[in-house]
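Okay, so here's the structure we're looking at.
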Ligand SMILES: Nc1ncnc2c1ncn2[C@@H]1O[C@H](COP(=O)(O)OP(=O)(O)OP(=O)(O)O)[C@@H](O)[C@H]1O
Ligand SMILES: Nc1ncnc2c1ncn2[C@@H]1O[C@H](COP(=O)(O)OP(=O)(O)OP(=O)(O)O)[C@@H](O)[C@H]1O
Ligand SMILES: [Mg+2]
Ligand SMILES: [Mg+2]
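Chains as they are written, first to last, in the working numbering: chain Y, 75 to 293; chain P, 727 to 943; chain V, 3 to 250; chain X, 451 to 725; chain B, 451 to 725.
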């Protein structure tokens with residue numbers, strides 16, 4: 075193991091980590107928001123829209139991220155869509171993540187007992203209030219874990235951004251690997267950084283979970 | 727630049743052959759993921775502190791370490807402890823064991839939202855834990871978590887592409903190789919995307935059918 | 003040692019990434035290319051069967067060290083740094099850097115024309131280092147972009163983000179032949195002459211294997227097979243040294 | 451078909467003091483006829499008790515009154531306004547938009563047989579929620595008013611408990627408080643005292659009598675004949691989805707009822723309650 | 451501390467015909483004392499009714515009897531065997547393994563106040579499940595036996611409905627059928643007739659009387675005094691977690707009770723039920 079490598083490549087790796095975190099956070103948060111809107115439109119919107127959403131979900135969810143990104147970044151210019159690597163990275167992240175999030179939210183909607191929604195309607199809560207005050211807090215119980223799962227999966231999908239030369243973590247570690255002809259060290263670095271993100275996401279997930287399952291804890 | 731359907735047409739047979747590996751790894755991996763994931767979830771929710779801890783460590787390891795690294799470990803590091811798995815088995819095992827960690831979490835979330843009274847009713851009747859899980863908790867957890875489970879299975883189909891690092895010529899790998907020779911990535915990748923889409927769409931449709939069937943009342 | 007093990011089994015396992023035309027390609031579902039033809043001949047010389055493995059680059063070196071296969075028969079540019087960690091065979095291809103441009107781009111007609119333009123190359127490759135050094139010598143240096151894979155550099159050139167791509171001469175030539183309407187070679191190659199070799203694990207264990215392969219390569223130099231194979235794929239045959247080239 | 455019925459129904463005379471009028475209403479679940487041809491008026495400020503055997507359709511009838519269950523045929527009108535369906539002649543009928551439905555439901559309170567409290571909110575917030583988001587009170591005003599409502603049902607000390615940490619009777623009282631705090635024009639109670647002890651039943655009865663005195667109309671499903679006898683202005687008896695009779699309690703309990711079905715129904719009760 | 455109590459409790463004499471004996475049992479939720487110092491015997495084949503105001507701890511007491519709620523202090527014994535805790539002197543006490551608990555619970559049936567049916571199984575399967583997975587019957591034997599149990603509560607025609615498609619009273623009857631099909635030695639009923647109409651209450655009463663005649667011991671929480679008066683061998687009155695009295699029903703209902711708390715409790719009931 076050559077530890078001086080870490081010193082030599084340290085700054086580049088840290089910058090890469092920063093870019094990875096940026097794409098991850100912005101991309102996955104955007105994905106959550108878009109996914110939530112999709113799930114809501116699918117449930118409360120007009121019929122034809124929900125078919126459209128269904129098609130979007132199936133196509134985007136069903137095809138690999140790498141290929142979507144490739145087509146967006148390298149195919150985009152043919153139709154006049156020229157994006158910088160980071161722009162393309164974040165945009166494709168939002169697009170890629172949203173159908174998964176939409177499906178998770180859909181499962182959450184289904185998990186809330188019908189009687190509680192009826193009770194809310196009976197006291198005259200608007201559908202929007204019902205969503206915020208009755209459905210959302212309760213659906214977080216079954217979906218916090220899948221949401222955390224998917225945040226974690228997205229940490230690793232950031233690696234794919236390297237194919238469009240986003241200077242993220244994998245891109246930088248590959249520089250290190252290719253220039254120094256090493257393999258164990260880059261993997262170690264990569265694993266360590268991903269692990270940090272995963273630990274962060276898991277920690278946050280468990281906090282949210284503790285908060286949303288408060289009412290289930292029996293004294 | 728012209729879009730060449732010819733290129734797709736010529737190479738499609740090879741891609742379909744490669745897709746068979748993708749399907750094999752996915753289906754076998756799914757079986758491991760669902761079965762082992764259920765046990766993990768049970769362990770994660772068990773009252774025994776040691777079992778619970780062990781499951782937590784397992785989950786944080788398999789979710790924390792990139793699958794690529796896990797695969798390399800299975801293939802290249804296990805021989806050092808005398809377990810030399812053939813590439814395909816290593817790939818299936820790595821993909822399945824990793825996905826099980828996610829499956830376990832999905833099920834755990836769903837089980838938490840099943841009212842505690844139902845477990846109490848089973849306990850009061852003296853129903854054994856195994857039956858409680860098999861007959862009461864898992865069917866309902868699957869109903870609640872199905873969309874997320876289908877998400878996970880679709881992801882599993884896609885990560886099966888990592889099996890290329892242990893030398894398996896699955897769909898993504900073969901597509902990349904064909905690209906390297908034809909210099910027509912857009913065409914080949916679109917074709918690959920279409921094949922992935924078909925596999926995943928079948929999964930998703932099956933998921934929705936099961937969901938319909940489990941939706942009662 | 004490694005060689006006697008191979009002889010005993012009657013089989014040598016060679017790993018490559020079938021993704022580097024024209025050396026290693028997957029054509030019509032089959033592994034082909036210069037390295038395939040050459041190594042098949044080498045195996046004949048050794049008197050053993052050969053089994054080829056296709057692996058992505060990131061798992062080739064771990065696999066070599068874990069003993070999952072015997073040799074890497076991918077074209078690897080011979081550099082000083084790499085020689086520290088692995089044993090190279092004699093050169094089997096020319097790795098000198100050359101440029102490709104978009105077909106019909108009249109603004110580039112010789113390597114020096116890339117001054118001030120965006121040029122892509124493969125991350126960590128010896129050719130990238132050559133390109134950077136060359137760019138320094140120009141009046142206004144080129145904007146050098148690094149890609150994980152050379153495919154992506156070519157795709158980006160097709161999409162118009164960069165104006166030229168630098169990689170080994172054979173590869174650039176092959177790309178131009180495959181997509182004549184899209185890519186065009188820029189002559190001549192530039193920078194230091196570089197060569198591709200094959201890679202075996204470092205150390206005593208593999209010394210005899212490397213020696214045996216080198217012997218086979220020399221024999222193919224003499225009986226013209228080397229030239230014939232190169233001509234088949236490249237149209238011309240490069241000058242290849244018959245001794246290990248000196249590297250800085 | 452359903453439309454046919456609906457038009458017929460509305461041509462009948464509606465007494466002018468009826469706040470709810472149900473005309474030839476029917477409801478089926480798949481091929482099971484849960485309610486058939488129900489015609490019934492509830493007068494302003496009246497307390498109407500619904501009794502009948504288990505599964506006879508009492509809950510379903512209540513749920514049709516505020517369109518939680520979309521009735522198939524006939525009409526339900528609140529103050530002359532058709533509930534749930536668009537009041538135009540079209541076949542099949544089309545339901546009102548969510549917003550319109552919400553406006554209608556604001557006037558109709560309901561206490562569910564299974565309470566349906568929101569498990570993630572404390573007892574207090576269960577009651578305060580609608581006050582804040584429907585009546586537009588500030589959160590603290592809402593809480594104050596909720597506290598009053600809880601006090602009425604003797605639950606001040608459990609205001610901060612989550613439903614899971616309340617006893618059955620306490621949950622039921624939260625459900626009652628939640629509905630009455632909204633002061634609707636009509637209240638639908640589905641077995642509001644099933645989980646309450648006799649003492650509390652008395653208290654709830656008092657609360658209901660007060661509400662009736664203040665002019666609220668109530669429809670109460672109950673299995674407690676004593677409750678029905680003491681609270682109701684009229685008692686309706688349902689059997690297998692049909693309205694058998696609807697008369698003042700004295701008539702039903704005072705003398706031997708004419709209808710044999712009602713007679714057997716009340717018999718066991720009378721025997722057991724001579725203590 | 452809890453151990454101290456436990457040891458004291460067991461030194462008292464236990465009448466030899468007591469199947470359940472509760473000694474100085476207490477249970478707290480955080481800082482709320484739900485049960486304190488309950489000492490109570492239930493004799494073999496006896497029907498004991500538990501009455502008391504809402505929130506007095508009736509359900510909690512039942513739940514402690516089969517250790518769904520781990521009681522803090524004191525002891526609960528079934529046929530001399532300590533329920534839930536390991537019967538060794540250790541401090542703090544340790545609960546039995548799941549398997550042991552399960553064996554104990556097989557002898558104790560329970561009908562919950564909120565039914566707790568399994569929503570993904572039909573009424574029939576709700577009843578058959580434990581027959582199959584506990585009693586080891588084959589699925590078809592289990593179903594047959596379940597059908598019998600459902601017939602007893604007049605639900606044969608709804609056997610294939612899911613709980614969500616059953617009326618409240620029908621759900622309650624499924625819950626009763628589920629428990630009695632297991633033929634336990636002791637049955638705990640938590641307001642088993644709260645959602646039933648008077649007629650059905652009569653039927654359930656008949657079923658319970660039959661079970662009692664066959665030697666089953668029953669503890670029944672109820673708010674229906676008529677029910678208690680007619681079914682119980684003894685009636686226990688709980689108030690604020692304390693056992694106020696435990697006497698034969700004639701004593702409690704027949705004459706004016708001594709205890710003022712009991713007196714006021716019964717008063718409203720008497721008034722209302724003079725129909
Ligand atoms: N969603 C449904 N699907 C099918 N059948 C249903 C559904 N809901 C209710 N039923 C049936 O309709 C009938 C009437 O049910 P309802 O809940 O109105 O009875 P109820 O009079 O309130 O009885 P209880 O006193 O037991 O609550 C019952 O036989 C029930 O099985
Ligand atoms: N998990 C819990 N956490 C905190 N308090 C609880 C919990 N469960 C019950 N309680 C409280 O304990 C007391 C007794 O509850 P219990 O359910 O035993 O009452 P009950 O006698 O069955 O009343 P009801 O007749 O209304 O069902 C109640 O005041 C209740 O609020
Ligand atoms: Mg009902
Ligand atoms: Mg109770």
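All residues carry an ideal CB built from backbone N, CA and C; glycine is no exception.
Keep in mind it's a predicted model, so treat the numbers as computed, not measured.
Proximal residues of chain B, C-beta to C-beta of residue 425 (chain X) below 8 angstroms: Residue 425 (chain X) lies beyond the range of chain X shown here (451 to 725); nothing can be said about it.
N-terminal and C-terminal residue of the alpha helix (DSSP H) that residue 492 (chain X) is part of: From DSSP, residue 492 (chain X) is part of no alpha helix (DSSP H) but of the beta strand (DSSP E) over 482 to 493.
Neighbouring residues, chain Y, relative to residue 126 (chain V) (Cβ below 9 angstroms): 248, 249, 250, 251, 252, 253, 254, 255
7 angstroms Cβ cut-off: residues of chain P touching residue 181 (chain Y): 870, 871, 872, 873, 874
Minimum Cβ-Cβ distance from residue 784 (chain P) to chain V less than 8 angstroms: no
Residue 510 (chain X) CB to nearest heavy atom of ligand 1 below 7 angstroms: yes
The region 137 to 164 of chain Y: positions lying closer than 9 angstroms to chain V by Cβ: Along the region 137 to 164 of chain Y, going in chain order, the ones with a CB nearer than 9 angstroms to a CB of chain V are 144, 147, 148, 149, 150, 151, 152, 156.
Rounded distance between the beta-carbons of residue 237 (chain V) and residue 98 (chain V), thought under 8 angstroms: With a Cβ gap of about 16 angstroms, residue 98 (chain V) and residue 237 (chain V) do not count as contacting.
Closer than 7 angstroms: residue 502 (chain B) CB and nearest ligand 4 heavy atom: no
Proximity test, residue 482 (chain X) beta-carbon vs ligand 1 heavy atom, cut-off 7 angstroms: yes
Nearest to residue 642 (chain X) (by Cα), restricted to the options X:502, X:673, X:573: X:673
Rounded C-alpha distance that separates residue 464 (chain B) from residue 650 (chain X): Caution is warranted here: a pLDDT of 46 is assigned to residue 464 (chain B), below 50, making its placement in the model unreliable, and the coordinate value is therefore given only provisionally. The straight-line gap from Cα to Cα measures roughly 36 angstroms.
Distance between residue 182 (chain Y) and residue 939 (chain P) (C-alpha atoms, nearest Å): For residue 939 (chain P) and residue 182 (chain Y), the distance between alpha carbons rounds to 18 angstroms.
Closer than 8 angstroms to chain Y by CB, residue 521 (chain X): no
heavy atom of ligand 3 below 7 angstroms from residue 618 (chain B) C-beta: Yes; taking the cut-off as 7 angstroms, the Cβ of residue 618 (chain B) has a heavy atom of ligand 3 nearer than that.
Pairwise C-alpha distance: residue 133 (chain Y) and residue 90 (chain V): 47 angstroms
Residue 61 (chain V) beta carbon near ligand 1 (any heavy atom closer than 7 angstroms): No, ligand 1 has no heavy atom inside 7 angstroms of this Cβ.
Residue 137 (chain Y): first and last residue of the uninterrupted beta strand (DSSP E) it sits in: Under the DSSP assignment, residue 137 (chain Y) falls outside any beta strand (DSSP E); it carries neither an H nor an E label.
Buried or exposed by the 16-neighbour rule on C-beta atoms within 10 Å, applied to residue 477 (chain X): By the neighbour-count criterion, in which a residue is buried when 16 or more other Cβ atoms sit within 10 angstroms of its Cβ, residue 477 (chain X) is buried.
Distance between residue 629 (chain B) and residue 572 (chain B) (C-alpha atoms, nearest Å): 16 angstroms
Under the three-state DSSP convention, the category residue 15 (chain V) falls into: strand
8 angstroms contact criterion, which residue 616 (chain X) and residue 600 (chain X) should meet: CB distance rounded: Contact flag wrong, Cβ pair sits at about 11 angstroms.
Helix, strand or coil at residue 110 (chain V) according to DSSP, with G and I counted as helix: The answer is coil: DSSP assigns residue 110 (chain V) none of H, G, I, E or B.
Residues of its chain near residue 243 (chain Y), where Cβ-Cβ distance is below 6 angstroms and the 5 sequence neighbours each way are ignored: 90, 91, 94, 267
Collapsed DSSP secondary structure at residue 941 (chain P) in the structure displayed: Three-state DSSP puts residue 941 (chain P) in coil, outside helix and strand.
Buried versus exposed call for residue 171 (chain V) [16 or more other C-beta atoms within 10 Å across all chains shown]: With 16 or more Cβ atoms within 10 Å of its Cβ, residue 171 (chain V) is classed as buried.
Alpha helix (DSSP H) runs wholly inside the region 556 to 604 of chain X, at least 4 long, in chain order: 573 to 583, 589 to 602
Burial state of residue 932 (chain P), where buried means 16 or more other Cβ atoms lie within 10 Å: exposed
Within 8 angstroms, strictly: CB atoms of residue 80 (chain V) and residue 205 (chain V): Against a cut-off of 8 angstroms, the Cβ pair of residue 205 (chain V) and residue 80 (chain V) comes out as no contact.
Coarse secondary structure for residue 532 (chain B), derived from DSSP in three states: strand
Distance, residue 926 (chain P) Cα to residue 453 (chain X) Cα: Legend: pLDDT at residue 453 (chain X) = 42, less than 50; position of this residue unreliable, no value from coordinates given.
Proximity test, Cβ basis, 8 angstroms: residue 621 (chain X) and chain Y: no
Span of the alpha helix (DSSP H) around residue 207 (chain V): Start and end: 206 to 225.
Contact set between the region 167 to 196 of chain V and chain Y, restricted to residues whose Cβ is under 9 angstroms from the partner: none
One or two residues paired with residue 253 (chain Y) in a DSSP bridge: Residue 253 (chain Y) is not bridged to any residue.
Contact with chain B by residue 498 (chain X), beta-carbon distance below 8 angstroms: For residue 498 (chain X), the answer is no, since every Cβ of chain B falls outside 8 angstroms of its Cβ.
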